[in-house]
Amino acid sequence: MRFLDRMRGEIVAWGKTEGLGWIFVLKATIAALLAMGISMRLELGQPVTAMVTVYILMHPQTGMVLTKSLYRVCGTLAGTFASLTLLGLFAQERVLFLTGLALWVGLCAAGAAVYRNFKSYGFTLAGYTAAMIGLPLVMQPTGFFDYAVNRVTEVVVGIICAGVVSEVVFPRSLGDSIIKTMDARYAQFVGVVTGLLSGSVSPQEIDRIHLHVAGNVVTLESLRSSLFMEASDIRVRDLRLRRLNIDFMEIFTTLHSLCQLRSRLADAPATRALTSLNASLAETLMPEGNAACGDSESARRAARRIAEFRVALPEREETIRHQYLDHAGHDERLGIETALELVRRFVREMHDYTRTYASLWEKPSPEPIGEGRFVSRTDPVVALVTGARAMAAIILVAAFWIASAWPYGASAVMMAAIGTALFAPAADPALALKMGVLGNLLGFIAAFLCKFFVLTSLNDIGLLVAGITPFLLLGPYLALNPKLAMVGLGYITMFCFMVAPANRMQYDPVQFVNFGSALILGVAAAALTFDTFIPVTGGWVKRRTARMLRGLVETACSGRLSSLDSKFESGARDLVQRIAARPNLQDVHDREILDWMFVVLEIGRAIIHLRQDVASIHLPQSVSDGVRNTLQQVTRFFGRPNLKNHSAALLTVEENIEAILSESGREAIGEETMDVLRRMLTSLHLIHSSLLDEESILAATTSRPRGIIQGETSYAT
Amino acid sequence: MPREIAIFDALLPSLFPVFLVSIIVQVVLDRVMAWCGVYRHVWHPPLFRLSCFVCIFSACGLLVLR
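Line order of the protein sequences matches chains A and B.
Sequence positions in the first sequence follow the numbering used here and run -6 to 710.
Sequence positions in the second sequence follow the numbering used here and run 522 to 587.
Below, the structure is given as structure tokens:
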């Protein structure tokens, strides 16, 4: 009995870790075999298409498969119509046809780069379905309609099989994984915030924390955006999840500004009081240093403690003011006021966040929640370059095909299109493609073994399934490991294409080797293009990213005020997500992007607060003119960061501070106006001190002439 | 009703429009049931959803082709 019990314990433990992965592997294989069987039963010609579709769609989370399917159907239809149009126009002209196809795939790749998540996926599929349907038919255009109908039917069979199997067999709901992400985030979050507040964190740690925040926010957003196909009632919580994500980013921006300000104030006597204030805030968040656990009960307790702290805060502020303000210099006084304002804002944001988090799983309350949307931001130039890169890959292979009259050229072009489309969204596409080529080689060998040594001696569907299953299992198993995911994808697509199970199997080793090498050469050509043609990990693209980050400040200065803060915060996080996807910084350019992100977050946020304050009441002419001037100069400075614009921006900010100070010295000013003026002063001081910061990238950029920032060599590095 | 219908001279099985209509009905029904909280009393919601869809589709198909 004891033995059986222990056995059961072992099995349960295995099921919670390794077992989940194996369930996914089994599901993918079942779905693929089902798709194959149905396609064969319907005599669709190429059951491979359905199988490959299943593998491209399968994802460990359920909801994601259904959402992907929806976009995939749309993408497939768009691709079919594109190839129909191309064939109709240029059936006799291969050069024009291939150019048109390359253009279409390029456009789709650009579209995929502009959009996020599953919209991007739809573009990807539109591109490669066109290649997959159009290319095999260049030789016999009259068969187009039947061929296209068959391919589209296969794709849809694959989509339905993947959707149904992943939904019905051991479903793992997206809602659960969102809950897990949120809980894990909260558990870490309190610890991280306490660490940052107490100032016991090294600069590298701080970088890592902020990148982690960016990655976490983007991940949650992509999970949330695919929720709308989910059965669970988490849809109702959508608004709160959005709000939590925005609040989360805002908290870290405020916290960063606070930490920066504190380190700038380092030698002032009031710093000690600020530090003790921060320490007691940290104590409030995490009493007696015990680790926070992510559940709504502990969040509710934390919210109650923060509320108490918030009530006591004004009194503590008064004490600090009394102690230090009287014998502090002008600058220092502004610094302390700003720090106090930031603490107040931070406490308010923490309170909101913990409260929303605690109520996330309760019934929706009538309490209104502010609207907030995650807005992604993409550089249009970089997106066009991505499209041009995909186009170049296809034109390269097509030119080789035409020049060498290669009988299998069409397959190579098709695979180049598939390769560029599938692997381009990865964090490092060149690496992903190389992994994909490796996977293709593996798949080629496995397919050879399977097709000519196993399948030749089998002769019905049951045995066919038994014969290919062991080979199929390997693909999704590799895909479970994040490092080998691309190898798995390459392996399984290649294996399916090569084995090509069909009602009438063809066993022709010569054709097999020719077709296989054409496919591998196609992907290899795509990998080559991604590595050489303005690579995504190269300096040029990264400098564009830094410029886009600076553009966020310009948006903050001139964009429409409503929902500006969520647009700003999410834009900044979205831009750094490629860096955040890596475990550590790759080169000087990454460092530069990160430094710019910090500066942009600090100044942009202050500007948004400044503008909100200006818009909230009617201000005297001199002050509002000053603010407008400041915004103009800051915009100009972030457009072209050089010494001249830097000093101009600094000067206007100083003038603006002076104007507000003299305005607030006047007698006939209401309580409310006084309050707004004080808040504006703190925002301006934050901008001022950030512009003057010796440690930030601004100092490095403005002290040297433009163009020779450290490490800036050529775009190919 | 005929087994196949012609759209732009391409013959489609007449079950196809029925399939599309069933999807729409299913989506509406799903929203309503999620809103009422029916899924909280169901053992395997996705399977339940799938079965609902199969019932709707088969019923409509039988009605149309009878």
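Beta carbons are placed, not taken as given, at the ideal position from N, Cα and C, and that holds for glycine.
The C-alpha of A:Asp580 is placed about 36 angstroms away from the C-alpha of A:Leu267. The three-state reading of DSSP puts A:Leu424 in helix, counting H, G and I together. The C-beta distance from A:Thr413 to A:Ala386 rounds to 5 angstroms, short enough to fall under 8 angstroms. A:Ala391 and A:Leu91 have their C-alpha atoms some 7 angstroms from each other.
In this structure, A:Leu426 sits near A:Ala519, with a CB-CB distance shorter than 8 angstroms.
Contact between A:Ala24 and A:Ser159 is confirmed by a C-beta separation of about 7 angstroms, below the 8 angstroms threshold. For B:Pro534, the nearest beta carbon of chain A is not closer than 8 angstroms to its own beta carbon.
In the DSSP annotation of this structure, the continuous segment of the alpha helix (DSSP H) that includes A:Ala305 starts and ends at 289 to 313. Beta-bridge annotation (DSSP): B:Pro534 is paired with B:Glu525. The region 148 to 168 of chain A makes no contact with the region 428 to 436 of chain A: fewer than 3 CB pairs, one atom from each, lie closer than 8 angstroms. For A:Asp686 and A:Arg298, the gap between their C-alpha atoms comes out near 35 angstroms. Taking every protein chain shown into account, the CB of A:Ala459 has fewer than 16 other CB atoms within 10 angstroms, so this residue is exposed. The beta-carbon of B:Leu571 is placed less than 8 angstroms from the nearest beta-carbon of chain A. Annotation: A:Glu243 has no Cβ neighbours in chain B at a cutoff of 9 angstroms; minimum Cβ distance is about 31 angstroms.
Pairing A:Thr312 with A:Ala305, the inter-Cα distance amounts to about 11 angstroms.
In chain B, no part has a C-beta under 8 angstroms from the C-beta of A:Val149; the shortest such distance is about 10 angstroms.
For the options A:Val480, A:Gly436, A:Ala124, the alpha carbon positioned closest to that of A:Val492 is the one of A:Gly436.
If you look at A:Ala493, you'll find it isn't in any alpha helix (DSSP H); DSSP assigns it neither H nor E. Take A:Gly468, set aside five residues on each side of it, and the residues of its chain with a beta-carbon closer than 6 angstroms to its own are Gly481, Tyr484, Ile485, in chain order.
Annotation: the continuous alpha helix (DSSP H) that includes A:Gln504 extends over 502 to 525.
The C-beta of A:Val157 comes closer than 8 angstroms to at least one C-beta of chain B. By the criterion of a C-beta distance shorter than 6 angstroms, A:Ile411 is surrounded in its chain by Tyr121, once the five residues flanking it on both sides are discounted. Counting the other Cβ atoms within 10 Å of the Cβ of A:Gln133 gives fewer than 16, which makes it exposed. The residue from A:Ala6, A:Glu310, A:Val148 with its alpha-carbon nearest to that of A:Leu270 is A:Glu310. For A:Asp558, the enclosing alpha helix (DSSP H) has its first and last residue at 557 to 568. For A:Asn209, the uninterrupted alpha helix (DSSP H) segment begins and ends at 196 to 218. Fully contained in the region 8 to 55 of chain A are the following alpha helix (DSSP H) runs of length 4 or more, in chain order: 11 to 34, 40 to 50. When DSSP states are grouped into helix, strand and coil, B:Val563 belongs to the coil group.
If you look at A:Ile171, you'll find it in the alpha helix (DSSP H) that goes 167 to 191. Burial is judged here by how many other beta carbons sit within 10 angstroms of a residue's own beta carbon; A:Phe163 has fewer than 16 and is exposed.
Counting along the chain, A:Val534 sits inside the alpha helix (DSSP H) bounded by residues 532 to 551. Straight-line measurement puts the Cα of A:Val368 at about 11 angstroms from the Cα of A:Arg235. Scanning A:Arg294, A:Leu216, A:Val98 for the CA closest to the CA of A:Val183 turns up A:Arg294.
One Cα belongs to A:Leu545, the other to A:Phe561, and the distance between them is close to 6 angstroms. Residue burial annotation: A:Gly136 is exposed, with fewer than 16 other C-beta atoms found within 10 angstroms of its C-beta.
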